[in-house]
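These notes concern the structure reproduced below.
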Amino acid sequence: MIEQNVIVRNRAGLHTRPAAALVKLAAKFKSEIYLIRDGFAINAKSIIGVMTLAAEQGCELVLKIDGNDEETAVKELTELFESGFGEI
Amino acid sequence: MFGEKTSKIFPMTLLADKKTDKTESNEIVLKGIPSSPGMANGRAFVIMPELIIIPNILISVDNVPAEISRLETGLFMMIGEIQSALDKVKGDSQNISAILETNLLILNDEFFLDSIKERIKKGYTAESAVVQEYDEQIKFFKNSKDGILQERSFELEHLKDKLLATIRKKITNHEIPENSIIVAQSITPTDVVHFKELKVIGIITEAGGIASHSSMLARSFGIPAVIGVRDAHNLIQNNFDLIIDGYAGLITISPSDDFINSFKEKKSKEEDRKRELGELIKLNSETEDGIQIKLSANIDSPDDVKEAVLVGCEGIGLVRTENLVMSLKRFPDEEEQYKWYKEIADRAYPNPVVLRAFDIGSDKYLEGLPHIEQNPALGFRGIRFLLHREDIFANQLRAFLRASANKNLKIMLPMISSLNEIEHSKILLEKCKKELSDKNVPYDMKIPLGIMIETPSAALLADKFADAVDFFSIGTNDLTQYTLAVDRTNEFVTELYDTFHPSVLKLIKNVVDSAKWKKIPVSICGELAGHAAATGFLVGIGIDELSVPPGMLLELKKRIRELNYKRAKKKAREIINSNSSAELMKLLEII
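Sequence order for the protein chains is A and B.
Under our numbering, the letters of the first sequence match residues 14 to 101, in that order.
Under our numbering, the letters of the second sequence match residues 1206 to 1796, in that order.
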């Protein structure tokens, strides 16, 4: 199991389009993937869950990944966060 | 209020009989939120909302599989419908597909689906389970402080209604005639795609949500839309003659002949203008070698947004809010200001809008201002006045913040010359934010704060100021008059007023360099931005954005498209290094 801190970098925050990009990427992996904000955990493969986080710019989240492909998953998901979902 | 007026509405057939009758009493105007620009005249097609009453009847365990299967069939059909809409828009922009794909992701969300199924297993019907689970999410979104998330609650609501209708197999395949104006309580993005297919010319909804996906789709398809029209589907009946004005957010029911004529005139003018401006509107604002220069508009009132949208601006680079003060001849209260700013924000959405705080001085005759100053330009104006009258400033900042919930506003401070002016303003802004947060009023917590660079002091200290703010906008008119010590209103020295003076250009260059170094955007909103001879120089020194009156925007775009950035950059360096004004003028003309 891996835990990794990530920061929402794009100005509009984790709104619909970045949320969709995140869910689509998470769905590619077999591992269980959770996003945690202030102790509140949601499944990163659920768009409703990700939207519920209402993560704004600058917000810090914890990625918690558990499974066989966790290494690749944490790498690609962190990159997605770092790139600001391509909309900085 | 509208209830009384309802009786005045007559269908067009009645109005037609009265053609000779000049009494123009049937015309009724409804106001909503302008959500997609454009105007249209046509017949109403009213989509009545289906009243679905879902009793929480418990079912027996035997019925659970059947209910789950009803839910899945409904979902399957709805997913199919969205998928077919998605296929239809394949050729259009990626934005449109992304919107529909998000709806698909929500319907396909297996965790969400599992929660609905859990409720069925507890003994509820498919409909009840959908209502319970969706409503719980909707409530959560609605209670959020995040404006965008609140808007998403409407979208979930629309999806829920559609899903319920589909489960009940009440698929609404309306026979919508061409050139109809749709009147509905709410619509989904998929509906908008179908409306486009059916050649709908306007959309009116009761539900709000300027940032909703349906609104965004209407804008990309160029279908005029007005949203948030209270009780529209009761006030408007099928076949009513309507004029929809998607710029101002107005709907005229049974317009008088005079009104129709003036509409036709406006509409044909708009079409002429579009034809005249032609392809330029759709083309990108970029140099021959692909450097993007953002083009924005300077405006004075909500009505000006229309012209700005028409010429395809990418944002409003300057709203001179003091115009509101001048038109009222007094300082407006917070509520008046909020409405004014919100209207501008909504009309420009999703494009960004820069609101400049009141730039007011003793050259304007107003209560609370000194009546006579020896030299108003060097006197008690702009940020100096605002920081002295914190009550007025705080009112304005709160109004700015309240209008910012959709995250397309930026705040700009006028006449900055010292860092402490920025710091004091920021303290006040934080105080206003806290007041709103305490009252749970939604606003953009990260609203960008920028400054006008219009004093030589600010231009020289730009590298320091860049650490304190999010963007710069250079006001070349004041910068020129302060740099050259020339009062531009004094006829004895106007000849000395020269925006192309080497000292002014050098200061501008310093500001742009500082902004680039500190990685903040820099724009020009003064007259120089629109000056034909300056375009090459400004692009050459690396300006990000030019903000001009809407009428000048397309000519400017044309000039930018003819420029070569690499050549302009080289030329700009020569201009900065030129020895004499004469040499400089010669260089400028060549660019």
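Backbone N, C-alpha and C define an ideal beta-carbon position, used for all residues, glycine too.
Since we're looking at a predicted model, the values are computed, not measured.
Residues Leu93, Phe98 and Gly99 of the same chain have their beta carbon placed closer than 8 angstroms to that of Ala34/A, with the five preceding and five following residues left out of the count. With a cutoff of 8 angstroms on beta-carbon distance, Glu1402/B and Val1434/B are scored as not near each other. Runs of the beta strand (DSSP E) lying entirely within the region 1422-1507 of chain B, each at least 3 residues long, are 1430-1432, 1446-1450, 1455-1458 and 1499-1504 in chain order. Judged by DSSP in its simplified three-state form, Thr65/A adopts helix. Exposure of Ile1577/B is indicated by the presence of fewer than 16 other C-beta atoms within 10 angstroms of its C-beta.
Legend: CB atoms of the region 28-39 of chain A lying less than 7 angstroms from CB atoms of chain B belong to residues His28, Thr29, Arg30, Ala33 and Val36. Below the 9 angstroms Cβ cutoff, chain A contributes Ala33 and Lys37 as neighbours of Glu1306/B, in chain order.
By the C-beta density criterion, Val1674/B is buried, having at least 16 other C-beta atoms within 10 angstroms. Trp1722/B sits exposed, since fewer than 16 C-beta atoms from the chains shown fall within 10 Å of its C-beta. Spatial neighbours of Arg1603/B in its own chain (CB-CB distance under 6 angstroms, excluding positions within 5 residues in sequence) are listed in chain order as Glu1539 and Cys1637. Cβ atoms of Thr1688/B and Ser1719/B stay farther apart than 8 angstroms, at about 16 angstroms.
Counting only the Cα atoms, Ala25/A lies some 21 angstroms from Ser1728/B. Just measuring C-alpha positions, the residue of Asn1261/B, Phe1464/B and Ser1241/B sitting nearest Ser1425/B is Ser1241/B.
From the beta-carbon of Asn56/A, the residues of chain B found nearer than 7 angstroms are Phe1316. Rounded to the nearest whole angstrom, the CA to CA distance from Ile1353/B to Ile1781/B is 45 angstroms. Nearest neighbour of Ile1656/B by Cα position, chosen from Ile1588/B, Asp1649/B and Tyr1648/B, turns out to be Ile1588/B.
For the options Ser1385/B, Asn1600/B, Asp1596/B and Asp1564/B, the alpha carbon positioned closest to that of Gly1584/B is the one of Asp1564/B. As the crow flies, the alpha-carbon of Phe1605/B is around 15 angstroms from that of Val1530/B. Around the beta carbon of Ala1667/B, a 10 Å sphere encloses 16 or more other beta carbons of the protein chains shown; the residue is thus reported as buried. Assignment of Gly1680/B by DSSP, reduced to helix, strand and coil, places it in the coil class. In chain order, Glu69 make up the part of chain A whose C-beta sits under 8 angstroms from the C-beta of Met1650/B. Leaving aside the five residues that flank Ala86/A on each side, the residues in its chain whose CB is nearer than 7 angstroms to its CB run, in chain order, Phe42, Ser44, Ile46 and Ile78. Contact between the region 1480-1491 of chain B and the region 1283-1293 of chain B is absent, with fewer than three C-beta pairs closer than 8 angstroms. The three-state reading of DSSP puts Phe1742/B in helix, counting H, G and I together. Judged by DSSP in its simplified three-state form, Ser1241/B adopts strand. Where Leu1633/B is concerned, the enclosing alpha helix (DSSP H) starts and stops at Leu1624 to Asp1643. Non-local beta-carbon contacts of Ile1498/B in its own chain, meaning distances under 8 angstroms to residues more than five positions away in sequence, involve Ser1490, Glu1491, Thr1492, Val1744, Ile1748, Asp1749, Glu1750, Leu1751 and Ile1765 in chain order.
If you look at Leu1523/B, you'll find it in the beta strand (DSSP E) that goes Ile1521 to Arg1525. Nearest in C-alpha terms to Arg1525/B, of all of Val1558/B, Arg1552/B and Leu1482/B, is Val1558/B. For Leu1310/B, the three-state secondary structure derived from DSSP is helix.
In this structure, the CA atom of Leu1624/B is about 19 angstroms from the CA atom of Lys1615/B. With a 10 Å radius around the Cβ and a threshold of 16 neighbouring Cβ atoms, Pro1270/B comes out exposed.
Annotated three-state conformation of Met1617/B is strand, per DSSP. Between the C-alpha atoms of Val75/A and Met64/A there is a straight-line separation of about 15 angstroms.
Rounded to whole angstroms, Glu1732/B and Ser1642/B show a C-alpha spacing of 39 angstroms. In chain order, Ser1358, Leu1361 and Glu1362 place their CB closer than 7 angstroms to the CB of Ile1343/B, counting only its own chain and leaving out the 5 sequence neighbours on each side.
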